[in-house]
Amino acid sequence: MRMRQTKLRGFKADNKGSLPLYAQLENFFISEIRKGVYKPETPLPSIAEIDEKVSLGRVTIVRTMQELVKDGFAVGIHGKGYYVTHRGEKALIGIVAPFNTVYMQIYVHLAAGVRNAADKLGNEVIIMSSDEDSRKFIQSVNEFINYRGSRWLVLVPPMDINEKICPESMSLLEKIKRLKDIKIAIIDRNLKDGIFQVRQDRLAGNLLLLRRAAEKKCRKILFLNGYMERWESHGDRLYSTLVREAVDIDPDMKLSFRSTSTAEEDMKFILKEKFDAVFTDDLYARRIVNISGPKRQFFIAGYNGMSAATSISPRITTVNSNLTEAGQVAVDYLFDKAEFDGNVVNVKPFIVEGETF
51 MRMRQTKLRG FKADNKGSLP LYAQLENFFI SEIRKGVYKP ETPLPSIAEI DEKVSLGRVT
111 IVRTMQELVK DGFAVGIHGK GYYVTHRGEK ALIGIVAPFN TVYMQIYVHL AAGVRNAADK
171 LGNEVIIMSS DEDSRKFIQS VNEFINYRGS RWLVLVPPMD INEKICPESM SLLEKIKRLK
231 DIKIAIIDRN LKDGIFQVRQ DRLAGNLLLL RRAAEKKCRK ILFLNGYMER WESHGDRLYS
291 TLVREAVDID PDMKLSFRST STAEEDMKFI LKEKFDAVFT DDLYARRIVN ISGPKRQFFI
351 AGYNGMSAAT SISPRITTVN SNLTEAGQVA VDYLFDKAEF DGNVVNVKPF IVEGETF
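Just so we're aligned, residue 51 is where the sequence shown starts under the working numbering, counting upward by one.
Following this line, the structure appears as structure tokens:
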């Protein structure tokens, strides 16, 4: 009796929280089960014992136990109470990424990669969206660690308008990095410290497009992007590097770079300058294709492998940044299934064939 009461001391009900009390208590038990506090085939505290310790009322506690049974973490045995199942032995991988609006089409590839890798190991995956908001990101990470008992996290921290990780999120990552029992993999972000990262190789992706352009005898190439200044200000100097690389691909190739305006204004510029090929992101490529009509006078390709490019006619040729593989790499790292040379892994992109390039 005393041992069971001691185990419940870590639970604190939040009467003003967004979760109902029974769900808060269920999450507490799930976390304790995953941590090994309650072992498989051993009894959970009785309803009377829980009621004496946390004072939530029998109705709430009974609902908690019913939810534990429903979710597979406990089984009720008539006359003997509730016993822990083996489900808690499965590792829970938490994903926190901006699964909202535009970003959903990008990071769905990441989620698929993590799920596929987790299924092979018999592990579970739960996804939460940060909506590219630091407060929601921190809240989701804390919920995984403190309430769901997850010790393996795949994270895409939110960035500010300068494409730097928000200070509050960075502070949380620094704290987690010092915890020995939690492993994290950062996806699609550039950090300078010792946190494991899986990045898309944007330079390699754009070089794929340039090589395709050379095959099609394109000489005048326009890179059209709303984030040009930010990328060029980073240490990788993406566009300056592309100019140098283009010389080796085709010495006669001329690259131009332009920040997006409106689709109509950019279309006028493209036709005036008589570009052979235009490279932009998937959504903007779709807008250009829509206003250019069926007799388009130039090739166009997108980037990110979004359904906006691949699922609508005409299908836009695009570059898939291969975040599916990034998810696989992240799981391999979290569970020591592969050895890595350093803390940064770049996944290689590939072209998704369409009708526009």
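By construction, the Cβ of each residue, glycine as well, lies at the ideal position given by its N, Cα and C atoms.
Remember, it's a predicted structure, so these values are computed and weren't measured experimentally.
- Message: Tell me the DSSP secondary structure of Asn240 in three-state form.
- Response: By one-based count along the sequence shown, residue 240 stands at place 190. Here Asn240 sits in coil by DSSP.
- Task: Assign Ile195 to one of three DSSP states: helix, strand, or coil.
- Result: Here the question's residue 195 lines up with position 145 in the sequence shown. Ile195 sits in a helix when the DSSP states are folded into three classes.
- Query: Which value, in whole angstroms, describes the spacing of the CA atoms of Ile195 and Asp181?
  - Reply: Translated into the one-based positions of the sequence shown, residue 195 becomes position 145. Translated into the one-based positions of the sequence shown, residue 181 becomes position 131. Looking at the two C-alpha atoms, the distance is approximately 19 Å.
- In the DSSP assignment, what residue or residues form a beta bridge with Thr368? Translated into the one-based positions of the sequence shown, residue 368 becomes position 318. Under DSSP, the beta-bridge partners assigned to Thr368 are Val402.
- Item | Selection from Ile80, Ala141, Thr92, Leu142 that minimises the alpha carbon distance to Thr114 | Position 64 of the sequence shown, counting from 1, holds the residue named residue 114. Per the Cα distances, Ile80.
- Message: Here's a check: name, in chain order, each residue in its chain whose Cβ is nearer than 8 Å to the Cβ of Pro364, leaving out the five neighbours to either side.
- Response: Translated into positions along the sequence shown, residue 364 becomes position 314. The beta carbon of Pro364 sits closer than 8 Å to those of Val339, Gly404, Glu405, Thr406, all from its chain and outside the five residues before and after it, given in chain order.
- Per-residue DSSP class, three states only, for Asn396: The count along the sequence shown starts at 1 and reaches residue 396 at position 346. It is a strand residue.
- Per DSSP, which one or two residues make a beta bridge with Ser306? Counting from 1 along the sequence shown, the entry for residue 306 is found at position 256. Beta-bridge pairing links Ser306 to Leu272.
- Between the Cα of Ile97 and those of Pro90, Gly107, Glu91, Lys89, spot the shortest distance and give me the residue it belongs to. If you number the sequence shown from 1, residue 97 lands on position 47. Of the candidates Pro90, Gly107, Glu91, Lys89, the residue whose Cα lies closest to the Cα of Ile97 is Gly107.
- Query: Under a three-way DSSP split, which group does Asp391 fall into?
  - Reply: Counting from 1 along the sequence shown, the entry for residue 391 is found at position 341. Correct three-state label for Asp391: coil.
- Using three-state DSSP, classify Gln347 as helix, strand or coil. Indexing the sequence shown from 1 puts residue 347 at position 297. For Gln347, the secondary structure class from DSSP, reduced to helix, strand or coil, is coil.
- Task: Within the stretch 68 to 155, note down every full beta strand (DSSP E) run reaching 3 residues or more, in order along the chain.
- Result: Restricting attention to beta strand (DSSP E) runs no shorter than 3 residues, the stretch 68 to 155 encloses them at 124 to 127, 131 to 134, 142 to 147, ordered along the chain.
- Message: Less than 9 Å between the C-beta atoms of Leu205 and Ala147, yes or no?
- Response: What you label residue 205 is simply residue 155 of the sequence shown in a count that begins at 1. What you label residue 147 is simply residue 97 of the sequence shown in a count that begins at 1. In contact: Leu205 and Ala147 (Cβ atoms closer than 9 Å).
- Item | Helix, strand or coil at Ser363 according to DSSP, with G and I counted as helix | For the purposes of this step, residue 363 is taken as residue 313 along the sequence shown, with counting starting at 1. DSSP places Ser363 in coil when its eight states are reduced to three.
- Item | the stretch 227 to 245 contacting the stretch 383 to 394, beta-carbon criterion three pairs below 8 Å | The stretch 383 to 394 and the stretch 227 to 245 touch, with three or more beta-carbon pairs separated by less than 8 Å.
- Item | Residue range of the alpha helix (DSSP H) that includes Met209 | Mapped onto the sequence shown, residue 209 falls at position 159. Counting along the chain, Met209 falls outside any alpha helix (DSSP H), and DSSP gives it neither H nor E.
- Query: Can you tell me whether DSSP reads Met317 as helix, strand or coil?
  - Reply: Residue 317 sits at position 267 when you count from the first residue of the sequence shown. Residue state, collapsed to three classes: helix.
- Taking all protein chains shown into account, do 16 or more other C-beta atoms lie within 10 angstroms of the C-beta of Ile236, making it buried, or fewer, making it exposed? Locating residue 236 in the sequence shown gives position 186, counting from the first residue. Per the 10 Å Cβ criterion, buried.
- Test item: CB-CB of Val379 and Leu258 under 9 Å: As a working note, residue 379 is residue 329 in the sequence shown. As a working note, residue 258 is residue 208 in the sequence shown. Contact flag unset, no.
- Message: Looking only at its chain, what residues have a beta carbon closer than 7 Å to the beta carbon of Ser371, apart from the 5 residues adjacent to it on each side?
- Response: Within the sequence shown, residue 371 is the residue found at index 321, counting from 1. Take Ser371, set aside five residues on each side of it, and the residues of its chain with a beta-carbon closer than 7 Å to its own are Gln250, Gly255, Asn354, Gly355, Pro399, in chain order.
- Rounded to a whole number of angstroms, what is the C-alpha to C-alpha distance between Gly409 and Pro301? Past the boundaries of the shown model lies residue 409; the chain is included only from 51 to 407, so the question cannot be answered.
- Which first and last residues belong to the beta strand (DSSP E) in which Ser200 is found? Along the sequence shown, read from residue 1 onward, the residue named residue 200 stands at position 150. For Ser200, no beta strand (DSSP E) encloses it, and the DSSP letter there is neither H nor E.
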